[in-house]
Amino acid sequence: MQSITGDRIAVTVKLHSVLRTLETTEPRSRVLLELAAGSTIASVIASLKIPEMDIVYVLNDSVVESSALLHAGDTLALIPALEGG
0 MQSITGDRIA VTVKLHSVLR TLETTEPRSR VLLELAAGST IASVIASLKI
50 PEMDIVYVLN DSVVESSALL HAGDTLALIP ALEGG
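Numbering (numbering that gives the first Met the number 0), first residue to last: 0 to 84.
If you want it as structure tokens, here you go:
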């Protein structure tokens, strides 16, 4: 997503469980992303090339939808939903 004004924001993304190895071959639990102002969580998912899966999005300690807008300094945790039987 391109910002109309060209403004950028920095967001910390915490990766949990299997997501730690998707972005790179070396497991990482935290990634600092620079995104266009007005970006959403869906933009983060696309940037990190995370495949479609059930993920719980926790933005600054609140569970949100992937359409939530991000702001400079936000912390986003991506937690794969648990499945079992």
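By construction, the Cβ of each residue, glycine as well, lies at the ideal position given by its N, Cα and C atoms.
In this text the structure is predicted, and so the values were computed from the model without any measurement.
Enclosing alpha helix (DSSP H) for residue i [first to last residue]
i          : result
residue 43 : 40 to 46
Endpoints, the beta strand (DSSP E) within which residue i is located
i          : result
residue 29 : 29 to 35
residue 19 : It is not in any beta strand (DSSP E) - residue 19 carries neither H nor E in the DSSP assignment.
residue 61 : 61 to 63
residue 58 : 54 to 58
Residue i and residue j closer than 8 angstroms at C-beta
i          : j          : result
residue 37 : residue 77 : no
residue 21 : residue 49 : yes
Outcome for residue i when other beta-carbon atoms lying within 10 angstroms are tallied against a minimum of 16
i          : result
residue 81 : exposed
Residue i in three-state terms, based on DSSP
i          : result
residue 97 : Residue 97 is absent from the structure shown; the chain starts at 0 and stops at 84.
residue 68 : strand
Any non-hydrogen atom of the ligand ATP closer than 7 angstroms to residue i Cβ
i          : result
residue 45 : The ligand ATP is not part of the structure shown, which contains no ligands of any sort.
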